[in-house]
Amino acid sequence: LSLHPHIHMIVPGGGIDSNGKWKNSKKKFFLPVKVVSKLFKGKFLSYTKKNFDQRKIKDEEQFQNIINTCYSKVWVVYTKKPMKSAKHVVKYLGRYTHRIAISNARIKKYEDNKVTFSYKDYSDHNQIKEMTLDDTEFFRRYMMHVLPPNFMKIRHYGFLGNRNKEERIKAVRTATNTKNPGPLLIDYEQIISDILKRDVSICIKCGQKRHYQLE
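Numbered according to UniProt numbering, the sequence shown spans residues 1 to 215.
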């Protein structure tokens, strides 16, 4: 539950050239990670200072302390290998975009105004351990992960940006010879089964498939 600000980005493995043809990036190399880390830090802090110049940030002393701290730290950019399919990408990102801080399964008990929960200790070979906190401290840490009002959690850029989105996606599909998959048919039973990690169509008491009686 510690505060760990970070950004997930999905980038295409290529783009459309000036001739309207799709050009793939190299299979074994995408971008130099160390260069991207320094460039991202520089650009991010540059735009942050620009906002301060526009008087969007009021406390000058506090702002400068934050900037100095950010400049002194090494920023890390991690590039993950391409996943098998779009479904795997959505499932991976769904853990971050539609869940806050901690899942119910990690909360082990609540007794005497204390909350016990499990966590992964990355400093100890990713061992699963348990921690107990006063409920007020647990709630304080939890609230650090709740986004402020009007904060945009997900943004889209490039051919997925809102402006001319349909035309750009159509151009990408044409260049890559990809068909429009059509509307997604959602299987709510499968989604709930994935979340609970069990087949919800099976009765937990008798072990048989559930039957529905219509009246």
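Using N, Cα and C, we set each Cβ at its ideal position, and we do this for glycine too.
Start-to-end residues for the alpha helix (DSSP H) that takes in Asn164: First-last for Asn164: undefined, no H or E at that position.
Spatial distance of Lys49 from Gly15 (CA atoms): One C-alpha to the other measures close to 31 Å.
Per DSSP, the bridge partner or partners of Val115: Looking at the DSSP output, Val115 shares a beta bridge with Tyr110, Leu133.
First and last residue of the uninterrupted alpha helix (DSSP H) at Ile195: According to the DSSP assignment, Ile195 belongs to the alpha helix (DSSP H) that extends over 188-196.
Reference Leu45, options Asp187, Phe63, Leu1, closest by Cα: Comparing Cα-Cα distances from Leu45 to each of Asp187, Phe63, Leu1, the minimum goes to Phe63.
Exposed unless 16 or more other CB atoms sit within 10 angstroms - verdict on Phe139: With fewer than 16 other Cβ atoms within 10 Å, it is exposed.
Assigned exposure category for Val115 - 16 Cβ within 10 Å defines buried: Flag for Val115 reads buried.
Leu3 vs Met144 beta-carbon contact at 7 Å: Against a cut-off of 7 Å, the Cβ pair of Met144 and Leu3 comes out as a contact.
Backbone secondary structure at Gln64 - three-state DSSP: In this structure, Gln64 counts as helix in the three-state DSSP scheme.
Under the three-state DSSP convention, the category Gly14 falls into: Residue state, collapsed to three classes: strand.
Residues near Phe40 in its chain [Cβ-Cβ closer than 7 Å; skip 5 each side]: Annotation for Phe40: Trp75, Val77 place their beta carbon closer than 7 Å to its own, counting only its chain and skipping 5 residues before and after.
According to DSSP, residues forming a beta bridge with Trp22: Among the bridge pairs identified by DSSP, Trp22 is matched with Ile16.
Cβ-based neighbour list, Ile169, same chain, cut-off 8 Å, excluding 5 preceding and 5 following: Here the set comprises Phe159, Leu160.
Reference Ala105; option with closest CA among Leu93, Thr97, Tyr119, Asp199: Here the closest residue by C-alpha is Tyr119.
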